[in-house]
Structure formats: C-alpha cells, structure tokens
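Asks: Residue numbers (this note's numbering): 166 to 370. If you scroll down you'll find the structure; I have some questions about it.
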C-alpha cells in the first residue's frame, strides 16, 4: 500500500527498564507526550530503514534450499523543522546545569516514537510505532545569512529503535486505522509506555 504525506510525529520519554511513560519534570510534558505540531513547524521527513535484517542463504545438494532472515534493526532519519529546544535536549540526553547550559549525561534516554502517514485517498492513517529507542545528533551545520536569503538548518537526528516489551520484544509495530478491530487507545498505550489517551485524542488524534 502506498502512503502519502507525514501527518504527525509523537514523542515520549519512557523508563529504560520498565518502558513506562515518564511525565512532568521527568518527561516531555505534564501528560508525558509531545506532538511535533504546527507550533514547531512540524516534521519534514521520517525515513525508516532496516525493517528487516540481511538474508543468509542455506545451500544443499548444489542448490539454495532455504534462507534465514536476520532480525531487523530499524532506524529513522528525522528532519524536524524547529523542535522545541528543551524537548530536543531531553530526547538527546543533555542535562541542564540550571544556568542555561546543557551537557550530555553519559547515558541516552529511551524515547518512544509514533509516526503517522496516510493512505492515498486520505481516508485512513498508517502508523509506525517504536516503543523505545535512542536519538543521536552527530552534526550541526551553521551557515551565514546573506543579503538575499536566510540560511536555515533543521534539526536532523537519527533514531535507533530498541526492543519493545509491548510488541513482544520486536522493535517496530505497524498499525492501520482501516483494519478490522483497530483500537486507537490500545495503539497509544502500547507505543507510548502505557499512555492513557483522553477521549479527544482517541477521536481526533
């Protein structure tokens, strides 16, 4: 099935051991989740790779008899247009010194991510869920403005998915809103560390 557009990316910090949602000061917001919405100018791209691992061929009797597919190790290359500064520091694991400075803590926080795209007819959504993973920002390009143009550099980060308990140990789970029995509440709960969505989120997420 073809997909079109990038409708929403949702982020949440989860406990590394229990994979439960962190809220308030420990999390990204009072509810624990943050949607990269219009206040942050949205997300430009979320390119997912490594759904599946490499293939190993099994030969016998001078023929290829079988193949073994290695486990996937999904990564997502994100291009966020303008992430909130403190949200960005938290998902990267940078700690505030209380004086406006931020430094790496030495350990990466675990972040749950939900990426929403749509079917060609825009009637249904397809979601790519990651119950845990880490963000990395390996470079920051900075360029001068000119007398004719602004030089803008987005928030480019790579997300590496980890095993998720709610997915039976798998690192990724795909949801389709048009599938029989699709349950928005269950999807949000599984993916976002047990998040309990208010009725407005369930009907209009």
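Glycine is no exception: its CB is placed at the ideal position from the N, C-alpha and C atoms.
If you follow the beta strand (DSSP E) that residue 228 is in, where does it begin and where does it stop?
Replies: Position 63 of the chain shown holds residue 228. Residues 228 to 234.
Asks: Taking the continuous alpha helix (DSSP H) assigned at residue 200, which residues delimit it?
Replies: Here residue 200 refers to the residue found at position 35 when the chain shown is read from its first residue. Looking at the DSSP string, residue 200 is not in any alpha helix (DSSP H); the run it does join, the beta strand (DSSP E), is 198 to 200.
Asks: Can you name, in chain order, every residue of its own chain whose Cβ lies under 7 Å from the Cβ of residue 257, other than the five neighbours on each side?
Replies: Along the chain shown, one-based indexing puts residue 257 at 92. Same-chain partners within the cutoff: 300 and 302.
Asks: So which of 250, 279 and 237 has the shortest CA-CA distance to residue 157?
Replies: Limits of the chain in this structure are 166 at one end and 370 at the other, which puts residue 157 out of reach.
Asks: Between the region 188 to 195 and the region 217 to 229, do at least 3 Cβ pairs fall closer than 8 Å?
Replies: No contact exists between the region 188 to 195 and the region 217 to 229.
Asks: Around the Cβ of residue 344, are there at least 16 other Cβ atoms within 10 angstroms (buried) or fewer (exposed)?
Replies: Position 179 of the chain shown holds residue 344. Looking at its Cβ environment, which holds fewer than 16 other Cβ atoms inside 10 Å, residue 344 is exposed.
Asks: In the structure shown, what three-state DSSP assignment does residue 159 receive?
Replies: It is not possible to answer for residue 159, since the shown part of the chain is limited to 166 through 370.
Asks: If you follow the beta strand (DSSP E) that residue 253 is part of, which residue opens it and which one closes it?
Replies: For the purposes of this step, residue 253 is identified with residue 88 of the chain shown, where counting begins at 1. Run containing residue 253: none in the beta strand (DSSP E); it sits in the alpha helix (DSSP H), 250 to 257.
Asks: Taking only heavy atoms of the ligand NAD into account, decide whether any of them is closer than 6 Å to the Cβ of residue 321.
Replies: Within the structure as shown, the ligand NAD is missing, as the structure has no ligands at all.
Asks: Would you identify the three-state DSSP class for residue 298, choosing helix, strand or coil?
Replies: Start at 1 with the first residue of the chain shown, and residue 298 comes out as number 133. Residue 298 falls in the strand class under three-state DSSP.
Asks: Use the C-beta contact count for residue 236: other C-beta atoms within 10 angstroms, 16 or more gives buried, fewer gives exposed.
Replies: Position 71 of the chain shown, counted from the first residue, corresponds to residue 236. That one is exposed.
Asks: Check whether the region 240 to 247 touches the region 311 to 328, counting contact only when three or more Cβ pairs, one atom from each stretch, lie closer than 8 Å.
Replies: Touching, yes, given that three or more Cβ pairs across the two stretches are closer than 8 Å.
Asks: Using DSSP with H/G/I as helix, E/B as strand and the rest coil, what is residue 131?
Replies: Given a span of 166 to 370 for the chain in the structure shown, any question on residue 131 remains unanswerable.
Asks: Are there 16 or more other CB atoms within 10 angstroms of the CB of residue 184, so buried, or fewer, so exposed?
Replies: As a position in the chain shown, residue 184 is number 19, starting the count at 1. So residue 184 counts as buried.
Asks: Look at residue 201 and residue 208 and say whether their C-beta atoms are less than 7 Å apart.
Replies: For this step, residue 201 is matched to residue 36 along the chain shown. For this step, residue 208 is matched to residue 43 along the chain shown. Taking 7 Å as the Cβ cut-off, residue 201 and residue 208 qualify as a contacting pair.
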